[in-house]
Amino acid sequence: MLDYPALRAVATIVQTGSFERAAAVLNVTPSAISQRVKQLEERLGVVLIVRGTPCTATEKGEWLCRHMENVGMLEAELFGQLPALVDPDEPRQRVTLQIATNADSLGTWFVEAMSNFAKSSSYLLNIAVDDQDHTAEWLQRGRVIAAVTSLEKPVRGCRRFALGVLRYHATATPDFVARHFPQGVTSEAIRNAPALTFNQKDRLQSSWIRKTFGRDLDYPTHWLPSPQSFVEASLSGMCWGMNPTQLTREHLASGRLVELVPDTPLDVPLYWQINRLAADRLADLTREVVAVAKRRL
């Protein structure tokens, strides 16, 4: 028999980041929260919460949190049909959906989809950001219930929906091109022209170089983990970078930015993958994600 008060304690600690805040949300004492988690961990023989600032879930704890998401969705559906089951003295428990996306989707189209969904839903959203090549791992590890990913193969236990492609251009200012590529954008020049990289997982620059020059090339790079700041850094003339069409269209049209090599876009196919257990109950979420992506990508 599952100890749902203890499971709810674990999920709330992870959501709020501390035992004290979880106790306030659940209207119990911090010692009661601590005791529930301790007893559950002893019963299961595994650690569920990494105590820290903030508190986070272990891999096993993440699976329990996703289970509680599904339970919360089922309860919301049941209470909608049988409102007499709701205890007016109990604090209202709103379900927070854990979703992962890549930063460039978040900076170009994904917020619109989330906003459309949130306006007509009682769910809360917790959006995690990772590289599009790695968000599927969050699904595989049970850390999120749905994700925008570049992985075409369906993650086990998930449904997959094609969204379209996020198109990137290798861009820089005309002054940067004149300074670093006076003889044209050659392999040797690329080796010496500073690029811009989002983080260690970002392979867009390397993929564009491989596609354009037919081989891998080493290049110097700055590091900057922000899609909007990526464009600003390119506009400042400090680097060249791979920027989404949606963020560079006006700059390219005005001439403030130019493509390093004309007509060499890099297309990254994107997919929406969602846990099968939640897919039907979150059909409106999927509908918004697919509709906005089809319109904006």
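Heads up: the sequence shown is residues 1482 to 1778, going by this note's numbering.
In this text, a Cβ means the ideal position worked out from N, Cα and C, and glycines have one as well.
Distance between residue j and residue i (C-alpha atoms, nearest Å)
i: C1720; j: A1653; result: 7 Å
i: R1757; j: P1743; result: 42 Å
i: Q1579; j: A1505; result: 21 Å
i: K1692; j: Q1686; result: 10 Å
i: E1637; j: D1761; result: According to the sequence as given, residue 1637 is Arg; it is not Glu. About 17 Å.
i: Y1485; j: R1648; result: 45 Å
i: E1769; j: V1739; result: 33 Å
i: V1610; j: Q1754; result: 15 Å
Chain-order list of residues whose beta-carbon lies under 8 Å from that of residue i (same chain, five-residue window excluded)
i: C1536; result: I1494, V1495, G1498, S1499, F1500, I1530
i: P1569; result: none
Buried versus exposed, by CB contacts within 10 Å (16 or more), residue i
i: R1489; result: buried
i: P1725; result: buried
i: Q1613; result: buried
i: S1586; result: buried
Three-state secondary structure (DSSP) of residue i
i: F1642; result: strand
i: V1712; result: helix
i: P1750; result: strand
i: K1534; result: Residue identity differs from the one stated: residue 1534 is Thr in this sequence, not Lys. In the structure shown, T1534 sits in coil (DSSP, three-state: anything other than H, G, I, E or B).
i: E1618; result: helix
i: T1510; result: coil
i: Q1613; result: coil
i: M1482; result: coil
i: P1564; result: helix
i: R1737; result: coil
i: M1723; result: strand
Beta-carbon proximity list for residue i, same chain, < 7 Å, skipping 5 on both sides
i: L1698; result: S1668, I1671, R1672, I1690
i: E1540; result: R1622
Same chain, Cβ closer than 6 Å to residue i, neighbours up to 5 away in sequence not counted
i: N1680; result: P1706
Determine contact between the region 1702 to 1710 and the region 1643 to 1662, defined as no fewer than three beta-carbon pairs at a distance below 8 Å.
-> no
Counting Cβ pairs, one atom from each stretch, are 3 or more of them under 8 Å apart for the region 1722 to 1742 and the region 1610 to 1625?
-> no
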